[in-house]
Amino acid sequence: MSLATPGGRAARASSHTDFVVEQLGRAIVAGEYPSETMIPLDPDLCEMFDVSRTVVREAKKTLIAKGLIQSKAKVGTHVRDAEAWNMFDEDVLRWHAGLRNAGAFYDELFEMRLIFEPAAAGQAALRTNARGCDRLFRLADALAAAPGRADFAVADYEFHREVLRLSGNRFLLSLGDMVQTALYALFLAEAQRFFPEGAQTVAARHRDIAAAICHGDAAAARRSMRRVIEDGYARVNGGSRV
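Residue numbering for the sequence shown follows full-length UniProt numbering, starting at 1 and increasing by one per position.
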């Protein structure tokens, strides 16, 4: 977009702001700026990224909103403790998933999944319907027939999202949507460890979930979902979680 185009200047500034947010956000999540350390001063950031002070200020506002940094007058801007970061922010999740060593992040993600996904599967079994069951089995078939890792990861995510939808709980569905980026990255990481050799086994385990839900067996649905999550943890980490 040319600067002569209406809105061109604003679009260019926004693009520069996004770039600074991306670079600083990735660096903070990667630990290049540890907790409680100061990030460079505005003039230094301007020089570092070749942008204006306005761009730097907007980028810092965005990172403050994500919980990564805090700015204090006459003190400067420091990185907040990781416990304060908004882990449901799409960018924060993406930056974590992109770490070379994302083990700790995936550990926490698995813990969260074990808390809500088996419960969602149990609820889905109590609210089963023919259309939802058909979709679950189609997605399990898509896992078995996936031509590549990315397709497998997409089918995996869609299966788990359908279980959340069938639970009938909008909070659970929204939670799955919020961590979509992280879940896809996780499923892709799992697929890289076993695809295509283990695809049929994984598909069969997902069919077990579908069968339990469609038979209205909440206890079996919870057990089957827990097994799938724990199997995934073992594939990513090379060992069982329990």
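Ideal Cβ placement from N, Cα and C applies to all residues, glycine included.
Using CA coordinates, which residue listed in G216, H78, L63 is at the minimum distance from L41?
H78
Between M38 and E190, what straight-line distance do the alpha-carbon atoms span, to the nearest angstrom?
36 Å
Delimiting residues of the alpha helix (DSSP H) encompassing residue 289
A query on residue 289 cannot be resolved here, the shown segment of the chain reaching from 1 to 242 and no further.
Tell me which same chain residues have a C-beta within less than 8 Å of the C-beta of A155, skipping the five on either side of it?
L139, A142, L143, A146
Run the CB neighbour count on E47, radius 10 Å, all protein chains shown included, and call it buried at 16 or more, exposed below.
Classification of E47: exposed, given that the 10 Å Cβ count is below 16.
Looking only at its own chain, which residues have a Cβ that is under 8 Å from the Cβ of H160, when we skip the five neighbours before and after it?
E117, G176, L183
Can you list the alpha helix (DSSP H) stretches of 4 or more residues lying completely in the stretch 166–230, in chain order?
170–178, 180–194, 199–214
Three-state secondary structure (DSSP) of S35
coil
Residues in its own chain within less than 6 Å of F137 by CB, not counting five upstream and five downstream?
A210.
Can A121 and V163 be called in contact, C-beta distance under 7 Å?
yes
Nearest by alpha-carbon distance to N169: which of R135, L126, A204 is it?
L126
Is DSSP giving G98 helix, strand or coil here?
coil
For T77, write down the residues that DSSP places opposite it in a beta bridge.
Answer is S71.
Between F187 and the rest of its own chain, which residues show a CB-CB distance below 7 Å, the 5 nearest in sequence each way excluded?
Taken in chain order, the residues that qualify are A153, D156, Y157.
Return yes when the Cβ of A65 is within less than 7 Å of the Cβ of S20, no when it is not.
Reading off the sequence shown, one finds Val at residue 20, where the question assumed Ser. No. Outside cutoff.
Length of the line joining the Cα atoms of L166 and C214
11 Å
Can you give me the C-alpha to C-alpha distance between S52 and G232, rounded to a whole angstrom?
Near 46 Å, if we compare the C-alpha coordinates of G232 and S52.
Cβ shell of R241 (< 6 Å), same chain only, five flanking positions each side left out
Low per-residue confidence applies at R241: pLDDT is 44, beneath 50, and the placement is therefore not dependable enough to give any value.
Among L93, G67, V75, nearest to D81 - alpha-carbon criterion:
G67
Residues in its own chain within less than 8 Å of L99 by CB, not counting five upstream and five downstream?
Here the set comprises V29, A30, F105.
By the DSSP assignment, the alpha helix (DSSP H) with A104 in it spans what residues?
Following the DSSP letters along the chain, one finds A104 inside the alpha helix (DSSP H) bounded by residues 103–126.
What residue range does the alpha helix (DSSP H) around F88 cover?
For F88, no alpha helix (DSSP H) segment is defined, and its DSSP state is neither H nor E.
Between A130 and L114, what straight-line distance do the alpha-carbon atoms span, to the nearest angstrom?
26 Å
Under a Cβ-count criterion, where at least 16 other Cβ atoms within 10 Å of its own Cβ denotes burial, should V228 be classed as buried or exposed?
Buried, since its Cβ has 16 or more Cβ neighbours within 10 Å.
Collapsed DSSP secondary structure at D50 in the structure displayed:
coil
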